Structures are given as C-alpha cells and as structure tokens.
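Below: the structure, in structure tokens.
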Amino acid sequence: MARPKKHQKINVRVNYPTTEEGKKMLRESQSKAVLDILEKQLGEEELRILMKHLEERIERE
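Quick note on the working numbering: the sequence shown kicks off at 140 and runs consecutively.
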C-alpha cells in the first residue's frame, strides 16, 4: 500500500497599504477589476445601463 504524501503547509502573508495614497490606489484597482469583470459578463451596453441606474440611485440618496 502506498504511503500518503506529506503536505507542506503554505503560509501566506498579505500586506495591505497603510498610506492614504496606497489605500486610494487599492480601491481604484479593485473598482477597475470589478468593472472589467462586469463588462465581460454583461457586455458593454448592459454595463452602461447598469452604471446609469447606479448613478440615478446615488443621486436619490
């Protein structure tokens, strides 16, 4: 019978920005990534419609 493989634990450390400029860059990068994903899933025209609805919602609040 074969011996089970020994798995080595992987430690991951995530460093988040601490400066205001770094935080702003992270937010902008995340926002762009979300918009790119939505555009790929919905298409350019549907994304425009969604953005229009979001802008209207923000103006109401």
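Cβ atoms here follow ideal geometry from the backbone N, Cα and C, with glycine treated the same way. A quick note: this is a predicted structure, and the numbers were derived from the prediction, not measured.
Simplified DSSP assignment, three categories, for residue i
i              : result
glutamate 200  : coil
alanine 172    : helix
isoleucine 188 : helix
Beta-carbon proximity of residue i to residue j, cut-off 8 Å
i           : j           : result
leucine 181 : leucine 189 : yes
leucine 186 : leucine 177 : yes
proline 156 : lysine 162  : yes
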